[in-house]
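Engineer: The sequence shown lines up with residues 1 to 125 when you count with UniProt numbering.
For glycine and all other residues, C-beta sits at the position ideal for the given N, C-alpha and C.
I'd like to ask some things about the structure below.
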Amino acid sequence: MEEFRIDCLYQTEEELVVTKELRQNIFRLNHTMPDTEEYRELLHKVFPHLGENCRIETPFSGVRTANVKFGRNVIVMPGCLMISAGGITIGENAVVGAGSVVMHDVEPNTLVAGNPAKFIRKIKP
């Protein structure tokens, strides 16, 4: 398996500010009533590249989530961790199982789960 590192010890001042804002927004999102305007606004702050009709269940956590791109109709179950250094694409109609750690792309129409998230099966669109 390929080694994956994000160096949190040597961040620039700008990266530290972005990291702090992300942590605060994720905390707020995890403590906001779902399906409200505030929830949707926070969700788009945490994940700027969110496709139509995506459902991200809380609680979740993430590192550099601005690099995560979601296709349409994606479902992310509770307890997931998204770690994106160079970018992650989660394909259309994909489902990420509860408690999964996503570090790589997820193909469209697939179910992934585990730590790290691995292919489980294809999903009929």
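On the criterion of 16 or more Cβ atoms from any shown chain inside 10 Å, does Thr36 qualify as buried, or is it exposed?
Structural biologist: Residue 36 sits at position 36 when you count from the first residue of the sequence shown. So Thr36 counts as exposed.
Engineer: Using C-beta distances below 6 angstroms, list every residue in its chain close to Leu81, excluding the 5 sequence neighbours before and after it, in chain order.
Structural biologist: As a working mapping, residue 81 is identified with position 81 in the sequence shown. If we look at Leu81 and ignore the five residues flanking it on each side, its Cβ neighbours are Ser61 and Val101.
Engineer: Return yes when the Cβ of Leu42 is within less than 7 angstroms of the Cβ of Arg64, no when it is not.
Structural biologist: Along the sequence shown, read from residue 1 onward, the residue named residue 64 stands at position 64. Along the sequence shown, read from residue 1 onward, the residue named residue 42 stands at position 42. Contact check for Arg64 against Leu42 fails: the beta carbons are separated by 7 angstroms or more.
Engineer: Once you ignore the five residues that flank Lys45 on each side, which residues in its own chain have a CB closer than 7 angstroms to its CB?
Structural biologist: Taking the first residue of the sequence shown as 1, we reach residue 45 at position 45. Contacts found: Asn25.
Engineer: Helix, strand or coil, according to DSSP, for Ala98 in the structure here?
Structural biologist: The residue you call residue 98 lines up with position 98 of the sequence shown. Reduced to three states, the DSSP call for Ala98 is coil.
Engineer: What first and last residue would you give for the alpha helix (DSSP H) that runs through Arg121?
Structural biologist: As a first step, residue 121 must be located in the sequence shown, where it is residue number 121. From DSSP, Arg121 is part of no alpha helix (DSSP H) but of the beta strand (DSSP E) over Lys118 to Lys122.
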